[in-house]
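From first to last, the protein sequence lines stand for chains A and B.
In terms of full-length UniProt numbering, the first sequence opens at residue 1 and continues consecutively.
In terms of full-length UniProt numbering, the second sequence opens at residue 1 and continues consecutively.
Following: one structure in structure tokens, then a few remarks.
2 protein chains.
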Amino acid sequence: METTTRKRSRSGGGAARRAARGSTAVETARFIERNIPNLELLNDEALEIIEHNAETVLEEIGVNFVNNPAALERWKAAGAEIDGERVRIPRGLARKLCATAPSSFTQHARNPARNVEIGGRNLVLAPVYGPPFVHDAEKGRRYATIEDFRNFVKLGQMSRWLHHSGGTVCEPTDIPVNKRHLDMLLAHMTLSDKPFMGSVTEPSRAQDSVDMCKILFGEEFVRDNTVMTSLININSPLTFDDTMMGALEIYAANMQACIVSPFIVGGAMAPVSVAGTLTQVLAEVMAGVAYSQLVRAGAPVIFGAFVTSIDMNSGAPTFGTPEAAQITYGAGQLARRMGLPYRSAGSFNGSKLPDAQAAYETASTLHNGLLAGVNFMLHACGWLEGGLVASYEKFVMDADQLGALHKMAAGVSVDESAQAMDALREVGPGGHYLGCAHTQAHFKTAFWRSELLDYKPYETWSEEGARDTMQLATARVRKLLDGYEQPTMEPATLEALTEFVAQKKASMPDSFM
Amino acid sequence: METTTRKRSRSGGGAARRAARGSTAVETARFIERNIPNLELLNDEALEIIEHNAETVLEEIGVNFVNNPAALERWKAAGAEIDGERVRIPRGLARKLCATAPSSFTQHARNPARNVEIGGRNLVLAPVYGPPFVHDAEKGRRYATIEDFRNFVKLGQMSRWLHHSGGTVCEPTDIPVNKRHLDMLLAHMTLSDKPFMGSVTEPSRAQDSVDMCKILFGEEFVRDNTVMTSLININSPLTFDDTMMGALEIYAANMQACIVSPFIVGGAMAPVSVAGTLTQVLAEVMAGVAYSQLVRAGAPVIFGAFVTSIDMNSGAPTFGTPEAAQITYGAGQLARRMGLPYRSAGSFNGSKLPDAQAAYETASTLHNGLLAGVNFMLHACGWLEGGLVASYEKFVMDADQLGALHKMAAGVSVDESAQAMDALREVGPGGHYLGCAHTQAHFKTAFWRSELLDYKPYETWSEEGARDTMQLATARVRKLLDGYEQPTMEPATLEALTEFVAQKKASMPDSFM
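What follows is the structure, encoded as structure tokens:
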């Protein structure tokens, strides 16, 4: 499977096609198709050393598959050496197994115009994932609720530059842990028509995600097509726990995509050096991706790298640092050499407020992510305080910046119009371009323009209240939520989804564990 | 002259050598020597089109040398076609003349440890240049004074990551226009021991700059060595005014370096397209650099590109935009193909406050500048509000971020220690790297660490006053200024410089024009 094939022409129609008819008119950019080169930061010699060492790690040290006898059986059958829960993988085996994973795949959305192609030279942007807290200027920092969750899904739906609705945009802590995934999925499915992620916190919740997708897209469609991309974190160093692997097994078996992603705070879960961390990242991803292919050859999977480093003074993770950038570039090179889609970067920062620190660290990470060849950028907007907080203001601030990435990635045209020789001849030395024919013909689309930041002269800005970026963002959050329009959905589909959630919830007692 | 040669062993010693003995112990990083590749954004075909078109501009349209008969004579003698003040340059002539300019040169500082090498794979960082206003949290936005100027020179001297003291770090508006340059130069020479820039606002002021350098460095030394790099803006489109060219003539004749830099707000002073703007930039730089070589073959000169674009709604210049980034990359490629050092990028932003907007736009520009192969980055810190304001807080915020560029540029080591295989073996699956031998040996230098930003947990940060980045920066400005130590200077040199300034000031009436 190089690319999953869209099969909208099948008989019987189904929910996906019906949903498509009801899509709203909110303008969203197509995923980014890069027309610029990647920055190849490491040279071939360095990459070969790292690849050699990663094979040595798999062969000599091995990885643990915890509490998962079936996984050990699969590995044994594939030729690995099993010692308790330790799996030692002969040199070359993991990479060979990874070869059946597709280099690119389509993730379908209920609105087909919002399908995304993950891999190749593309970049798909998805919002922040996982924060237990939210923050806004008015109410400050607090535990996230399902209302916050729904608000962030709405903001994502309203964003022109986000291609993907994401997954746990924040943790709805007011909903029992064992039922949260149902409300989260229902929100993504009903409040957005962009693609989304499934639950990974229990294998049964992954199965619920698949079952709800069957209602939304139709059972036949889900069997043949990828409709979810879900986040499978590796318990670094070198440990694959049964919860995450259980979810991966469900998804892979159903041809649903997984991001296999080391979760590394360098200095704690990996060596303090960039090369050492890249070695571990590669070993972990090779083992995880190979395992996905043992579950089902051809299952779509993404090479993930979530890497930050520890502040040796405070013990806190740091973001937007040069070492993290170097790892982002290097891991991208390693992913391309494996022919796998690559996930990394995001709106990372360690700030407690959406202030200058947050923006310095975020902008550094976003730019490096673009140039590192990232194909799927989770956390592309909204991240604050090391990922503990989803920030309303920062969500719209970051989402606005993502527009600049689109324009940057489009590259530089040198067609006759872009050469502008007529304009140069018309204006000449000492002239002015504002009124010339070329400017008049192109000024509307020539330059990317922020929909949030302030371009006004000081005096105007001052008269309007001298607002900083956070205040501008507060106003924009309100405007977007006030203007939100829910994409329509076939009533039967909505009813079936609602019924599924209600039945599932009724079938088990609340649990906050 | 590939590289000017330092001649410290000459008899007689001189001010420079004496000054060196008195240097302070403020730690400053050596200029950046990149160990990472540049991003080559445009392909060869696009660059060749732009180069061809730039020659067409010079040949068919030409450039104006205004009010400068001597320049017209020089151009005529070199083979250009003169028509009034218009100079039309036959295809290939400008590029051929540029070939005598050095690809790299040393700018000497009075402290030889702070000499910088401009060109090659190096990056030299200099502070903001030109703002008539300053801003700080306490006193807000106001006209800059000589006290502010001295404060910024002190902050530059105290910055670990700034290699250069710059030039007009702000306009000392309380000093008459015709005398400002004397006080500014005296401040750079006495309050800093880093390299600096000369005056360009009148040819006579350029000559004063050279004369003061002769006092500081010794007459013989200045004759043979570059001790100033000065900013010569082109009056885009395609116009070379007599003030700037007069200053360039003085500097080139004295083997002092000039940045020949188009000053372009795209859409106003250049076409609205990236390729069209690059064509104009190249034509202008070729004409300006060629002219410097007509004045004196071998004079050191830098390919400059200051390019922003206009906001078509407000008419204001915008910063940190994708089009500006593309031009920064493209102009760097064109400069390298000419074998010239390259100046571009900086802490550009259009914000009125050192807030998230300022940081997003700045971080984007700094990162793109690093990866675009910039050799001399003017405005690397302190820029606010489109360059109208030098911000105290942003100066230290940006200067801190410049540290990250140093680490990023150092590249990724794959030596045995960096490979960290011992650490991977020691820790193994499920282990922890904090205590392992490799971490203990390297943790102090492994990760770049901000000296400004907040890495503390939320609770600690909250107890300490919940300060945003601007508040942290206010405290850092105060700390640096309180801790400032003036580099010592031979009393005779100080006396001679002070006497020169006093005599010059007494020789003319004040003028604020």
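Heads up, the beta-carbon is just placed ideally off N, CA and C, and yes, glycines get one too.
Measuring alpha carbon to alpha carbon, tell me which of the options ends up nearest residue i.
i: Asp-83/A; options: Phe-65/A, Arg-336/A, Thr-365/A, Asn-368/A; result: Phe-65/A
i: Gln-107/B; options: Phe-221/B, Val-289/B, Ala-324/B; result: Phe-221/B
i: Ala-399/B; options: Ala-70/B, Arg-95/B, Met-228/B, Leu-453/B; result: Leu-453/B
i: Val-274/B; options: His-438/A, Leu-353/A, Tyr-329/A; result: His-438/A
i: Gly-369/B; options: Pro-37/B, Met-245/B, Leu-472/B, Leu-186/B; result: Pro-37/B
i: Asn-35/B; options: Ala-446/B, Ser-511/B, Ala-441/B, Gly-411/B; result: Gly-411/B
i: Tyr-433/B; options: Gly-339/A, Gly-315/A, Ala-358/A; result: Gly-315/A
i: Glu-51/B; options: Arg-336/B, Ile-234/B, Thr-460/B, Ala-70/B; result: Arg-336/B
i: residue 527/B; options: Tyr-455/B, Arg-467/B, Glu-85/B, Ala-46/B; result: Outside the shown range of chain B (1 to 513) lies residue 527/B, about which nothing can therefore be said.
i: Thr-321/B; options: Thr-243/A, Gly-198/A, Ser-450/A; result: Ser-450/A
i: Ser-159/A; options: Gly-246/A, Tyr-329/A, Lys-352/A, Tyr-392/A; result: Tyr-392/A
i: Met-74/A; options: Ala-297/A, Ala-345/A, Arg-141/A, Leu-155/A; result: According to the sequence displayed, residue 74/A carries Arg and not Met. It is Ala-297/A.
i: Ala-466/B; options: Ser-309/A, Arg-141/A, Met-312/A; result: Arg-141/A
i: Pro-132/B; options: Arg-180/B, Gly-276/B, Leu-155/B; result: Arg-180/B
i: Thr-460/A; options: Ser-351/B, Gly-387/B, Trp-448/B; result: Ser-351/B
i: Tyr-458/A; options: Asn-67/B, Leu-384/B, Ala-331/B; result: Leu-384/B
i: Met-184/B; options: Ser-462/B, Gly-130/B, Gly-435/B; result: Gly-130/B
i: Thr-469/B; options: Leu-388/B, Ala-324/B, Asp-136/B, Asn-67/B; result: Asp-136/B
i: Ala-144/B; options: Pro-176/B, Gln-157/B, Glu-117/B; result: Pro-176/B
i: Ala-441/A; options: Ser-462/A, Trp-448/A, Pro-429/A, Ser-417/A; result: Ser-417/A
Between which residues of its own chain and residue i is the CB-CB distance below 6 Å, once the five residues before and five after are set aside?
i: Ile-264/B; result: Ser-236, Ala-270, Val-307
i: Val-63/B; result: Val-87, Leu-238, Ala-287
i: Gly-304/B; result: Ile-259, Val-260, Ser-261, Arg-343
i: Arg-21/A; result: With a pLDDT of 43 at Arg-21/A, under the threshold of 50, the modelled position of this residue cannot be trusted, and the question is left open.
i: His-164/B; result: Val-124, Ala-126, Lys-194, Pro-195
i: Gly-119/A; result: Ser-103, Ser-104, Pro-341, Asn-375
i: Thr-504/A; result: Reading the sequence as shown, one finds Lys at residue 504/A and not Thr. Leu-182.
i: Glu-249/B; result: Val-295
i: Glu-499/B; result: none
i: Ile-89/B; result: Leu-58, Ala-80
i: Glu-138/B; result: none
i: Lys-214/B; result: Val-222
Can you give me the Cβ contacts of residue i inside the same chain, cut-off strictly under 7 Å, excluding the 5 residues immediately before and after it?
i: Leu-494/B; result: Thr-190
i: Ser-23/A; result: Because Ser-23/A carries a pLDDT of 43, less than 50, the predicted location of this residue cannot be relied on, and no value is offered for it.
i: Trp-161/A; result: Ala-29, Leu-125, Ala-399, Leu-402, Gly-403, His-406
i: Ala-197/B; result: Just to set this straight, residue 197/B is Met in the shown sequence, not Ala. Around Met-197/B: Gly-166, Gly-167, Met-228, Thr-229, Ser-230, Leu-231.
Write down the C-beta distance between residue i and residue j rounded to the nearest angstrom, noting that I regard them as a contact closer than 8 Å.
i: Ser-292/B; j: Val-281/B; result: Contact doesn't hold; Cβ gap of about 16 Å is too wide.
i: Ile-49/B; j: Val-414/A; result: 5 Å
i: Ala-54/B; j: Thr-279/B; result: 5 Å
i: Asp-148/A; j: Val-128/A; result: Actually they are not in contact, since the Cβ atoms of Asp-148/A and Val-128/A sit about 12 Å apart, beyond 8 Å.
i: Asn-254/B; j: Val-289/B; result: No, Asn-254/B and Val-289/B are not in contact; Cβ-Cβ is about 17 Å, not under 8 Å.
i: Gln-471/B; j: Leu-47/B; result: Not really, about 46 Å apart at Cβ, beyond 8 Å.
i: Ala-358/B; j: Asn-349/B; result: 4 Å
Going by the C-beta, is residue i closer than 7 Å to any heavy atom of the ligand HEM?
i: Ala-137/B; result: Absence of the ligand HEM is noted for the structure shown, with no ligands found whatsoever.
Excluding five sequence neighbours on each side, which residues of the same chain lie with their C-beta closer than 8 Å to the C-beta of residue i?
i: Ala-187/A; result: Ile-146, Phe-149, Arg-150, Val-153
i: Gly-92/A; result: Glu-55
Original post:
Going along the region 319-343 of chain B in order, which residues come within less than 7 Å of chain A, judged by CB to CB distance?
Top reply: Taking 7 Å as the cut-off between beta carbons, the residues of the region 319-343 of chain B near chain A are Thr-321, Pro-322, Glu-323, Ala-325, Gln-326, Gly-330, in sequence order.
Original post:
Can we say the region 123-134 of chain A touches the region 380-394 of chain A, given the rule of at least three CB pairs closer than 8 Å?
Top reply: yes
**OP:** Residues of the region 423-443 of chain A with a CB closer than 7 Å to any CB of chain B: list them in chain order, please.
**Re:** Ala-423, Leu-424, Arg-425, Val-427, Gly-428, Pro-429, Gly-430, Gly-431, His-432, Tyr-433, Leu-434, His-438, Thr-439, His-442, Phe-443
Original post:
Touch check for the region 243-263 of chain B and the region 41-48 of chain B: three-plus C-beta pairs under 8 Å?
Top reply: no
**OP:** Tell me, please, whether the region 423-432 of chain A touches the region 475-483 of chain A by the rule of three or more beta-carbon pairs shorter than 8 Å.
**Re:** no
Original post:
If you measure beta-carbon to beta-carbon, which residues of the region 236-269 of chain B are closer than 8 Å to chain A?
Top reply: Pro-237, Leu-238, Thr-239, Gly-266, Gly-267, Ala-268, Met-269
Original post:
Does the region 203-213 of chain A come close enough to the region 156-172 of chain A that 3 or more CB-CB pairs lie under 8 Å?
Top reply: no
Subject >> At least 3 beta-carbon pairs within less than 8 Å: the region 354-371 of chain B vs the region 382-397 of chain B >> reply: Counting Cβ pairs under 8 Å, three or more are found: they touch.
**OP:** Can you give me, in chain order, the residues of the region 294-317 of chain A that have a beta carbon less than 8 Å from any beta carbon in chain B?
**Re:** Ser-309, Ile-310, Asp-311, Met-312, Asn-313, Ser-314, Ala-316
**OP:** Using a Cβ-Cβ cut-off of less than 9 Å, give me the residues of the region 48-82 of chain A that come near chain B, in sequence order.
**Re:** Going along the region 48-82 of chain A in chain order, one finds Ile-49, Ile-50, Asn-53, Thr-56, Val-57, Glu-60, Ile-61, Gly-62, Val-63, Asn-64, Val-66 with a Cβ nearer than 9 Å to chain B.
**OP:** Identify each residue in the region 94-107 of chain B for which the Cβ-Cβ distance to at least one residue of chain A is less than 9 Å, and report them in chain order.
**Re:** Identification of residues in the region 94-107 of chain B having a C-beta nearer than 9 Å to some C-beta of chain A yields an empty set.
**OP:** Output, in sequence order along the chain, the residues in the region 377-390 of chain A whose CB is closer than 8 Å to any CB in chain B.
**Re:** Glu-385, Leu-388
**OP:** Please name the residues in the region 445-458 of chain B whose beta-carbon is closer than 7 Å to at least one beta-carbon of chain A, in chain order.
**Re:** Ala-446, Phe-447, Trp-448, Arg-449, Leu-453, Asp-454, Tyr-455, Lys-456, Pro-457, Tyr-458
Original post:
According to a CB-to-CB cut-off of less than 7 Å, which residues of the region 27-43 of chain B neighbour chain A?
Top reply: Ile-36, Pro-37, Leu-39, Glu-40, Leu-41, Leu-42
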